[in-house]
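Asker:
Residue numbers (my numbering), protein chains in the order written: chain A, 31 to 328; chain B, 31 to 328.
1. Is the Cβ-Cβ distance between residue 260 (chain A) and residue 224 (chain A) less than 9 Å?
2. Leaving out five residues on either side along the sequence, give the residues of the same chain with a beta carbon under 6 Å from the beta carbon of residue 300 (chain B).
3. Could you name the residues of chain B that residue 243 (chain A) contacts, counting a contact when the two beta carbons are closer than 7 Å?
4. Going by the CB atoms, is the gap between residue 220 (chain B) and residue 102 (chain B) shorter than 9 Å?
5. Quick check on DSSP: helix, strand or coil for residue 198 (chain A)?
6. With a cut-off of 8 Å, do at least 3 Cβ pairs link the segment 146 to 166 of chain A to the segment 125 to 133 of chain A?
7. If you draw a straight line from the alpha carbon of residue 93 (chain A) to that of residue 138 (chain B), how long is it in whole angstroms?
8. Mind checking which residues open and close the beta strand (DSSP E) that includes residue 230 (chain B)?
9. Using a Cβ-Cβ distance under 9 Å, would residue 295 (chain A) count as near chain B?
10. Check the Cβ-Cβ distances between residue 263 (chain A) and every residue of chain B, and say whether any is below 9 Å.
11. Which complete beta strand (DSSP E) runs does the segment 230 to 288 of chain A hold, if anything under 3 residues is left out?
12. I need the straight-line Cα distance from residue 179 (chain A) to residue 105 (chain A), nearest angstrom please.
13. Kindly indicate which three-state DSSP category residue 139 (chain B) falls into: helix, strand or coil?
14. Output yes if chain A places a C-beta closer than 9 Å to the C-beta of residue 248 (chain B); else output no.
15. Using a Cβ-Cβ distance cut-off of 9 Å, determine whether residue 277 (chain A) contacts chain B.
16. Would you report the Cα separation of residue 78 (chain B) and residue 40 (chain B), rounded to the nearest angstrom?
17. Report the CB separation of residue 378 (chain B) from residue 215 (chain B) in whole angstroms; it is logged as a contact under 8 Å.
18. Chain B partners of residue 298 (chain A), CB-CB under 9 Å?
19. Out of B:185, B:51, B:107 and B:274, state which residue places its alpha-carbon closest to the alpha-carbon of residue 80 (chain B).
20. Find the nearest neighbour of residue 302 (chain B) within the set B:247, B:64, B:207 and B:283, judged by alpha-carbon distance.
21. Listed from N- to C-terminal order along the chain, which residues in the segment 86 to 119 of chain B have their beta-carbon within a distance smaller than 7 Å of any beta-carbon of chain A?
22. Alpha carbon to alpha carbon, how far is residue 91 (chain B) from residue 98 (chain B)?
23. Cα separation between residue 176 (chain A) and residue 255 (chain A)?
24. Just to confirm the assignment, what range does the alpha helix (DSSP H) spanning residue 222 (chain A) have?
25. In the DSSP output, which residue or residues are listed as bridge partners for residue 319 (chain B)?
26. For residue 85 (chain B), count the other beta carbons within 10 Å of its own beta carbon; 16 or more makes it buried, fewer makes it exposed. Which is it?
27. Can you find a CB in chain A that lies within less than 9 Å of the CB of residue 50 (chain B)?
28. Name the residues in the segment 206 to 237 of chain A whose C-beta lies less than 7 Å from a C-beta of chain B; which are they?
29. Using a Cβ cut-off of 9 Å (strictly closer), state whether residue 267 (chain A) contacts chain B.
30. Flag residue 40 (chain A) as yes when its Cβ comes closer than 8 Å to any non-hydrogen atom of the ligand HEM, and as no otherwise.
31. Just to confirm my understanding: we take residue 59 (chain B), look at its own chain, exclude 5 residues before and 5 after, and list those with CB closer than 8 Å. What are they?
32. Which residues mark the beginning and the end of the alpha helix (DSSP H) in which residue 190 (chain A) is found?
33. Starting from residue 310 (chain B), follow the beta strand (DSSP E) in both directions and report where the run begins and ends.
34. For residue 35 (chain A), which residues from the same chain have a beta carbon less than 6 Å from its beta carbon, with the 5 sequence-adjacent residues on both sides left out?
35. From residue 166 (chain B) to residue 135 (chain B), what distance separates their C-alpha atoms?
36. Ordered along the chain, which non-local residues of its own chain (more than five positions away) have a Cβ less than 7 Å from that of residue 47 (chain B)?
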């Protein structure tokens, strides 16, 4: 996919050609570089990119990081390159911090690997590192309706990394937990509020409730750039509602009668109270999270 | 679909051309009538039909009810016709008993309406009757991966019945509950054990846990023919594991890389402890369920 303007990049983000909070942030940064090369109005480009999707805060963080370089295309390129390196490095460090939390069989949701991030992955980076250390037997991957990021992307990433993985429909997770076939849940995040509440792909909140019911740990892995201290709690995180057509369709097939509406919430909010630990590139945080988050992201 | 032998009917049940516990039972009964007409060995026909799917106990109940008529094709036809009438009548009565339990916005899963039953529906019959009485504002329909019975069948049935319905991905239920947009969960069952534990479509158990977490009632509607007093509890219910290809595919599209396995559990078991009330044609049962179930199904 060739993107030749900030508008191209914004549309690619909106249409989910690129998705995953860290990858969205980096795409926006490269969108500014492209805009500068083509002599676009950078304030307009910044505005377009910032509005492309509402939930992930990495988008705003990446664009904020570049604003001081608008006057200098060389500096802008350098800033984008630096950001990309920092994002990937944070993921490698995060994986090292988090790997010792996991053992046995872990369940993940949506896509948090190389295809969604700076190149190494957030939750998936932790999983791959735990496997590399011989700690994991099995990864359960929720298919992640409606976009099937789990089935289409995470399953492929785990196969590339030679980590044993099995895909399940999202509603199978509860039964695997009841059968004692899950040891932990680990997910990524699109935005974490100052109190540790976080938005992530629809389905995450239910998994966190189910993990609690079954006495299983629930971990969230994210770079500090996903933490938004200006958002006090989950209720203040804007949750994107996407086109219901994305629920009405399975790939090319329309499965729903025309007369029946569908609802497509793209994200949900998981309260901090359901989180066992937060894995970041600055270490593993345990509850209560508020002060620890201020310390590492302030 | 024309079915001309017991083997045809058994294959239609196995391949889910017909599905839904009551509809499977009635199809097996008609399979015996077809077999008798064509002079098939009825013991072999009974065996084939009985083995077609493992979880729904209605299959065995329907075949048991016909066994005394094997020697008389006219009596066999009459027995099948009587069974069909009884099954539908039980559903109408069940709906009348259950309707007063529901109000506001209810969430259901899989398909329990005319397409899955004796013609009126189990959980969906209760929903339609509650709506007829002016008690319901909204029905949330889980799409029910992997077969999408909710999106493809229940949504159509509710549209036919002019009940306002909105389809959601299965993993959206938790968030709707957290947002206060669900007042009750109601589902059907494929088999209920003597203690009230029951098997139903994969995803039901998770909804029951989520309902409990959010302080919402969870109802199950089923005819007494779905109760199996010989199965002591949920652990003894055989759970069908179906072809993983059904998870790997979305209709005609293969979405999973070939190298990644999938798991397809067709049902799950919900413990009686998570059930608020059981709706049957013999009334509404409240916990503890054991003695009440023995009384109505003994």
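Every residue, glycine too, gets a C-beta built ideally from N, C-alpha and C.
Answerer: According to the structure data:
1. yes
2. 228, 234, 235 and 238, listed in sequence order.
3. 239 and 243
4. no
5. strand
6. yes
7. 43 Å
8. 228 to 231
9. Yes, residue 295 (chain A) lies at the interface with chain B (some Cβ there is under 9 Å from its Cβ).
10. Taking Cβ atoms only, chain B never reaches closer than 9 Å to residue 263 (chain A), which makes this a no.
11. 248 to 251
12. 35 Å
13. Look at residue 139 (chain B) here: in three-state DSSP terms it is strand.
14. Not an interface residue.
15. yes
16. Between the alpha carbons of residue 78 (chain B) and residue 40 (chain B) lies a distance of about 6 Å.
17. Past the boundaries of the shown model lies residue 378 (chain B); chain B is included only from 31 to 328, so the question cannot be answered.
18. 201, 202, 204, 205 and 208
19. B:51
20. By alpha-carbon distance to residue 302 (chain B), the top candidate from B:247, B:64, B:207 and B:283 is B:247.
21. none
22. 13 Å
23. 27 Å
24. Here residue 222 (chain A) belongs to no alpha helix (DSSP H); instead the beta strand (DSSP E) covers 221 to 223.
25. Residue 319 (chain B) is not bridged to any residue.
26. buried
27. no
28. Within the segment 206 to 237 of chain A, the residues whose Cβ lies closer than 7 Å to some Cβ of chain B are 208, 232, 233, 235 and 236, listed in chain order.
29. So, not an interface residue.
30. This structure does not include the ligand HEM; it has no bound ligands of any sort.
31. 92, 93, 95, 96, 109, 110, 113 and 114
32. 185 to 190
33. 307 to 310
34. none
35. 6 Å
36. Counting only Cβ-Cβ distances below 7 Å, and skipping sequence neighbours, we find 31.
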